[in-house]
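Encoded as structure tokens, the structure appears first; notes follow it.
2 protein chains.
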Amino acid sequence: MRTHTQSIERLVNKFSSLGGVGKKTAMRYAYSIVSMSKHDVEDFCDALIDVKNKLQYCSVCATFAESAVCEICQSRASDTVCVVSFPKDVLSIERAGGYKGLYHVLHGTISPLDGRGPDELRIKELLQRLQNGNFGEVILATNPDIEGEATSMYISRLIKPLGIKVSRIAQGISMGSDIEFVDEVTLARAIDNRVEF
Amino acid sequence: MRTHTQSIERLVNKFSSLGGVGKKTAMRYAYSIVSMSKHDVEDFCDALIDVKNKLQYCSVCATFAESAVCEICQSRASDTVCVVSFPKDVLSIERAGGYKGLYHVLHGTISPLDGRGPDELRIKELLQRLQNGNFGEVILATNPDIEGEATSMYISRLIKPLGIKVSRIAQGISMGSDIEFVDEVTLARAIDNRVEF
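One line per chain: the protein sequences are A and B, in this order. Under our numbering, residues 793 to 989 are what the first sequence spells out, in order. Under our numbering, residues 793 to 989 are what the second sequence spells out, in order.
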């Protein structure tokens with residue numbers, strides 16, 4: 793007997809299926825549910841179902857939206873598109889605050905090892921969007937790892953013939969870090985990419 | 793904009809209401825839900841509702857059960873009752889394996905600071921059970937902290953007049969611990985409560 797009843801056991805398994813939730817944490821969550829009022833649990837369910845029913849991809853930039861076109865695409869006029877791998881990256885850049893342009897979500901990175909080629913990503917849609925619109929710059933904001941670099945490299949080669957400026961987010965030492973402990977690759981890039989004071 | 797849409801924001805708030813879930817973790821869970829199939833999300837909801845609908849307190853020992861009487865009360869014959877504060881303590885003792893007796897769940901501890909007196913706990917029910925049945929021993933297994941000690945002390949005084957043996961789970965150094973680092977109170981008790989080799 794690991795939990796009190798079968799229904800608790802089942803709920804523990806459901807919570808375990810969320811990313812990064814171990815058995816003990818799942819049990820804690822399940823017992824939180826047990827101590828909630830029935831009304832609160834029904835409301836929880838309603839929120840779960842609601843997300844699945846309402847959520848769709850923005851038909852322009854492919855981030856999450858509750859209407860055909862997301863709020864950013866609806867409200868901003870810009871000739872700059874920032875290309876990111878996942879919808880969560882849009883949030884991160886929005887949180888940073890400085891950028892006021894548009895986005896394009898690829899929904900992945902090129903990863904031959906995982907069998908993910910360029911056709912799996914929304915690269916075709918990006919090119920169509922760039923050809924049909926009047927864009928001045930594409931910022932490639934995939935992660936600075938092997939897959940992200942490869943994806944950015946691949947996309948930049950497709951965009952350059954269109955005569956649109958392509959840039960890559962800067963790589964260097966991060967704010968608050970200690971040069972003593974920065975890894976060598978990052979430090980080398982930070983020196984290569986130095987900017988005049 | 794902290795999440796993509798209102799429905800995600802709402803779900804994040806729901807996950808945050810589970811014990812010990814921060815905003816970032818709640819967001820991770822919400823986005824796991826987003827990436828689940830609709831069928832899996834409905835199944836998740838079903839499990840949540842199921843727990844609330846099926847779960848009740850065992851009418852004998854007051855632990856969680858899906859029927860009027862819990863599995864332990866149904867299947868064991870014993871003249872020993874182990875008194876614990878919460879249903880989860882029943883699980884812990886069952887996991888330890890040695891004990892084959894019955895339980896009684898108080899659903900709390902006496903805590904004057906939180907305004908919880910003896911009447912809030914299932915002490916009346918325990919006394920009724922002991923008077924109506926044929927019990928040989930009551931083991932008090934509340935936590936070895938101030939509230940748990942006070943609760944055990946209080947209950948032991950009520951049971952002794954009934955002529956039933958009352959015991960308290962042993963306190964001492966725990967398995968695998970290092971005497972150098974054991975706190976003083978525990979070490980003093982371990983010496984006081986020494987048993988003959």
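Beta carbons: idealized from backbone N, C-alpha and C, even for Gly. Note that the coordinates shown come from a computational prediction; the quantities given were computed from them, not determined experimentally.
Shown here, ALA822 (chain B) sits in a helix according to DSSP, grouped into three states. Annotated three-state conformation of SER959 (chain A) is strand, per DSSP.
One thing to note: ALA982 (chain B) has its Cβ within 7 Å of the Cβ of GLY964 (chain B).
At a cut-off of 7 Å between beta carbons, LEU810 (chain A) contacts chain B. The CB of VAL833 (chain B) comes closer than 7 Å to the CB of LEU840, ILE841 and LYS844 in chain A, given here in chain order. Look at HIS796 (chain B): its C-beta is under 7 Å from a C-beta on chain A. For ARG949 (chain B), the three-state secondary structure derived from DSSP is helix. Residues of chain A with a Cβ closer than 7 Å to the Cβ of ILE825 (chain B) are, in chain order, LEU840 and VAL843. Within the region 828 to 864 of chain B, the runs of alpha helix (DSSP H) that reach at least 4 residues and sit entirely inside it are, in chain order, 830 to 846. Under DSSP, LEU894 (chain A) shares a beta bridge with A:VAL873. By the C-beta criterion, the region 864 to 879 of chain B is judged not to be in contact with the region 805 to 815 of chain A, since fewer than 3 inter-stretch pairs fall below 8 Å. Close to THR855 (chain B), with beta-carbon spacing below 9 Å, are these residues of chain A in chain order: HIS796. Using a 10 angstroms sphere on the CB of GLY940 (chain B), the tally of other CB atoms reaches 16 or more, which defines it as buried. Within 10 angstroms of the beta-carbon of LEU905 (chain B) lie fewer than 16 other beta-carbons, which makes it exposed.
The C-alpha of TYR849 (chain B) lies about 10 Å from the C-alpha of VAL897 (chain B). Rounded to whole angstroms, VAL843 (chain B) and GLY814 (chain A) show a C-alpha spacing of 20 Å. For LEU922 (chain A), the enclosing alpha helix (DSSP H) begins and ends at 915 to 924. Measuring C-alpha to C-alpha distances from ALA818 (chain B) to each of B:PRO910, B:ILE938, B:ARG802 and B:ILE931 identifies B:ARG802 as the nearest. For ILE885 (chain B), the enclosing alpha helix (DSSP H) begins and ends at 879 to 888.
CYS862 (chain B) has its alpha-carbon roughly 8 Å from the corresponding atom of SER851 (chain B). Here LEU847 (chain B) really is in contact with SER799 (chain A); their C-beta atoms are around 6 Å apart, less than 8 Å. For the 7 Å CB-CB criterion, ILE902 (chain A) and ALA942 (chain A) form a contact. Per DSSP, VAL987 (chain B) lies in no alpha helix (DSSP H) and is assigned neither H nor E. Taking C-alpha positions only, GLY955 (chain A) is separated from GLU929 (chain A) by approximately 9 Å. For ILE825 (chain A), the number of other beta carbons within 10 angstroms of its own is at least 16, and it is reported as buried. Apart from the 5 residues on each side of it in sequence, ASP881 (chain B) sits with its Cβ closer than 7 Å to the Cβ of ALA933 in its chain, given in chain order. For GLU801 (chain A), the enclosing alpha helix (DSSP H) stretches over residues 798 to 808.
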